[in-house]
Ligand SMILES: [Zn+2]
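Residue numbers (the numbering used here): 6 to 466.
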């Protein structure tokens, strides 16, 4: 389906006309202006303004065999998307291996050296020191062969996506292998080695963009990206996640609003375990669109981790693929409304590697290509057989048949927050769950809305 990425500081995945990651685009008339669109998708009837970043080499980002983040989730997503027909006529753009200067936009030289050395089997320090200094080698982030190269390719994928948008080659680009939002400047964390989204955003800030909205819907707090831009008012980070008192990494409280010039530009909306689609969407719509409208971003970067799913083995939110799809489509709509369509979507968490991730991210790819998939669409039997085989290989005890339809039957018809915390909840939602959601909504609105001239109490804002 795609050409293999090559090693080294190979930027050949960036087609002609797209700026290389370290090439400044100083004299453009503005983001997206003046560049002839390069069609990633060729023939008539195909999307002409969207691109998919993909290489089989993404599958080399592989921890231990029993680690929850198994790259089979990426392979199954691409094969499902293919079987749905949404990749017809689409030749994925290749990622490139991020070189050190690109990684150093976010990461410390000493850390990059440590990752490279550890992954090559010559760490040069004890395992204990490696874990203590850099978070490498613990149960979440075990050392694996080639980890530097594998993680650099993810960064190159998301930066290639950013470059395609910056050059006007595409408006919407997706890199499902990206979204490693926990990686810190000098520390691996939460299955994340290098922070591709933070690197790509930093790169964009040097290439014509100075208002970027980052919206993170992973079940975990988007701490690494928030941290990187904590004092930077050019980047609005918004994270919706399971409440930090109930889930690692334990950050993402409403009072984390950013620092110095960046005060008001970090937004955190923590939701209680068990939050279903209708309440999650109520919260999203009560906070995100107003802030995006006030911020007027030139580009939206979405981290679309799907571990918010009710079946995810690591978390406790209760979304369905339908709720996730709804959020993705809303983010595309926001990009259409405020950013002339510019939308960079990355993956992230998601540990229902067979039944959840492939379906949800196939919806994401469909959204990016504007080939939205009807949730009622059945899934091809041969894909189900392949998924079943993959699942059995992962865990011989796994006998459940893959879900054979693109929906979970989730209810996405949420009731908009209207400022009245006393309203009755919809069917199937407890009063207590709605109250805690509404408490989260108002806490977040009060923490950040005033910075943007918005009234936290007024539902019209
Ligand atoms: Zn997560």
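Glycine included, every Cβ here is placed at the ideal spot set by N, Cα and C.
Which residues DSSP lists as bridging residue i, in chain order
i           : result
residue 5   : Residue 5 lies beyond the residue range present for the chain, which begins at 6 and ends at 466; the question has no answer from this structure.
residue 58  : 98
residue 324 : 314
residue 185 : Looking at the DSSP assignment, residue 185 forms no beta bridge with any residue, so it has no partner.
residue 192 : 189
residue 281 : 323
residue 383 : 410
residue 470 : Because residue 470 is not part of the residues shown, which for the chain are 6 to 466, the question remains open.
Cα-Cα separation, residue i to residue j
i           : j           : result
residue 178 : residue 156 : 19 Å
residue 195 : residue 165 : 24 Å
residue 6   : residue 260 : Any reading at residue 6 needs caution, since the residue's pLDDT is 31, under 50, leaving its predicted position unreliable; the model's value is listed next. Those two C-alpha atoms are separated by around 46 Å.
residue 288 : residue 444 : 10 Å
residue 257 : residue 223 : 12 Å
residue 36  : residue 240 : Reliability of the predicted coordinates at residue 36 is poor, the pLDDT of 30 falling under 50, and no value is obtained from them.
residue 115 : residue 191 : 8 Å
residue 246 : residue 450 : 15 Å
residue 460 : residue 361 : 38 Å
residue 457 : residue 133 : 45 Å
residue 123 : residue 140 : 12 Å
residue 436 : residue 284 : 11 Å
residue 316 : residue 230 : 26 Å
residue 464 : residue 188 : 35 Å
residue 170 : residue 267 : 25 Å
residue 466 : residue 423 : 10 Å
residue 312 : residue 253 : 13 Å
residue 281 : residue 325 : 8 Å
residue 352 : residue 158 : 14 Å
residue 176 : residue 379 : 23 Å
residue 393 : residue 62  : 23 Å
residue 125 : residue 118 : 11 Å
residue 395 : residue 226 : 30 Å
residue 60  : residue 183 : 12 Å
residue 334 : residue 219 : 15 Å
residue 40  : residue 74  : Only weak support exists for where residue 40 lies, its pLDDT of 34 falling under 50; the value from the coordinates is given anyway. Spanning the two alpha carbons is a distance of roughly 38 Å.
residue 212 : residue 342 : 22 Å
residue 29  : residue 347 : The predicted model places residue 29 with a pLDDT of 31, which falls under 50 and marks its position as unreliable; any figure quoted below should be read in that light. Each residue's alpha carbon lies about 19 Å from the other.
residue 135 : residue 415 : 44 Å
residue 300 : residue 453 : 12 Å
residue 264 : residue 271 : 9 Å
residue 385 : residue 418 : 28 Å
residue 31  : residue 70  : Because residue 31 carries a pLDDT of 30, less than 50, the predicted location of this residue cannot be relied on, and no value is offered for it.
residue 232 : residue 290 : 24 Å
residue 455 : residue 441 : 22 Å
residue 413 : residue 128 : 45 Å
residue 381 : residue 105 : 45 Å
residue 216 : residue 336 : 16 Å
residue 186 : residue 308 : 8 Å
residue 462 : residue 446 : 10 Å
Beta strand (DSSP E) segment containing residue i, residue limits
i           : result
residue 240 : 240-247
residue 276 : 271-276
residue 348 : 348-351
residue 304 : 304-308
residue 2   : Nothing in the structure corresponds to residue 2, since the chain is present only between 6 and 466.
Beta-carbon separation (whole angstroms), residue i vs residue j, contact threshold 8 Å
i           : j           : result
residue 85  : residue 364 : 7 Å
residue 370 : residue 57  : 6 Å
residue 181 : residue 82  : 6 Å
residue 329 : residue 214 : Going by Cβ atoms, the distance from residue 329 to residue 214 rounds to 27 Å, so no, they are not a contact pair.
residue 376 : residue 52  : 7 Å
residue 467 : residue 167 : The question about residue 467 has no answer, for the chain in this structure spans 6 to 466.
residue 100 : residue 162 : 3 Å
residue 402 : residue 279 : Rounded, the Cβ-Cβ distance is 27 Å, inconsistent with contact.
residue 294 : residue 349 : The Cβ separation is near 18 Å, so there is no contact.
residue 388 : residue 88  : 5 Å
Residue range of the unbroken alpha helix (DSSP H) whose run includes residue i
i           : result
residue 180 : Looking at the DSSP string, residue 180 is not in any alpha helix (DSSP H); the run it does join, the beta strand (DSSP E), is 177-180.
residue 369 : 362-373
residue 212 : Counting along the chain, residue 212 falls outside any alpha helix (DSSP H), and DSSP gives it neither H nor E.
residue 80  : 77-89
residue 470 : A query on residue 470 cannot be resolved here, the shown segment of the chain reaching from 6 to 466 and no further.
residue 235 : Where residue 235 is concerned, there is no enclosing alpha helix (DSSP H), given that its DSSP letter is neither H nor E.
residue 256 : First-last for residue 256: undefined, no H or E at that position.
residue 459 : Run containing residue 459: none; DSSP gives neither H nor E here.
residue 453 : 436-453
residue 134 : 132-139
heavy atom of ligand 3 below 6 Å from residue i C-beta
i           : result
residue 224 : In the structure on display, ligand 3 does not appear, and the ligands it does have are ligand 1.
CB contact below 7 Å: residue i versus chain C
i          : result
residue 57 : Protein chains in the displayed structure number just one, and chain C is not present.
Exercise. Do the segment 183-197 and the segment 320-327 meet, that is, are 3 or more Cβ pairs less than 8 Å apart?
Worked result: No, because fewer than three Cβ pairs between the segment 183-197 and the segment 320-327 fall closer than 8 Å, the two stretches do not touch.
For this session: Answer yes if the segment 265-280 comes into contact with the segment 398-417, meaning at least three C-beta pairs across the two stretches below 8 Å, and no otherwise.
Result: no
Exercise. How about the segment 229-237 and the segment 136-154: do they share at least three Cβ pairs that are nearer than 8 Å?
Worked result: With the cut-off at 8 Å, the segment 229-237 and the segment 136-154 do not touch.
Exercise. Is the segment 103-112 in contact with the segment 202-211, if contact means three or more CB pairs nearer than 8 Å?
Worked result: yes
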